[in-house]
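**Q** In the numbering used here, the protein residues as written are 2 to 72. Handing you a structure now.
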Amino acid sequence: MQETTPASPCIGVCRIDPRNGLCEGCQRTLEEIGGWSQAGFAGQRAILQRVAQRRAAAEWFEGDLRGDCDR
C-alpha cells in the first residue's frame, strides 16, 4: 500500500518571526519550509509533529492570522 503524501501546513501567512525563526503562519523553520518537498513521507510527518508541538506550546490559533502570502 502506498502512503499518501501529507498536506503542507502552509496557510498562506508567510512571515518569519525574527524572535524565534519560525513562520508565523505554519510554524516551520526556513529549513523545514525549503526542504518540505524533498523530505519524503517520514520527514514530512516528523515536521508535522514538530509543528503540532510548537502550535500547542504557543497556544497558536490560525484564526488570528491573515493570509497575505504571494503564493
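All C-beta atoms in this analysis are idealised placements derived from N, C-alpha and C, irrespective of residue type, glycine included.
1. Roughly how many angstroms lie between the CA atoms of R16 and L31, to the nearest whole one?
2. In chain order, what residues of the same chain lie with their CB nearer than 7 Å to the CB of R46, ignoring the 5 residues before and after it?
3. Comparing alpha-carbon positions, which option in E60, E4, A57 and S9 lies nearest S77?
4. Is it the case that the Cβ atoms of G44 and G26 are separated by a distance below 8 Å?
5. Which same chain residues end up closer than 6 Å to I48 when comparing Cβ atoms and leaving out the 5 residues on each side of it in sequence?
**A** Let's see:
1. What you label residue 16 is simply residue 15 of the sequence shown in a count that begins at 1. What you label residue 31 is simply residue 30 of the sequence shown in a count that begins at 1. Cα to Cα, R16 sits roughly 10 Å from L31.
2. Sequence index remark: in the sequence shown, residue 46 carries index 45 (1-based). Contacts found: P7.
3. Outside the shown range of the chain (2 to 72) lies residue 77, about which nothing can therefore be said.
4. Your numbering for residue 44 matches position 43 in the sequence shown. Your numbering for residue 26 matches position 25 in the sequence shown. In this structure, G26 does not lie closer than 8 Å to G44 by Cβ.
5. Your numbering for residue 48 matches position 47 in the sequence shown. Correct list, in chain order: E33.
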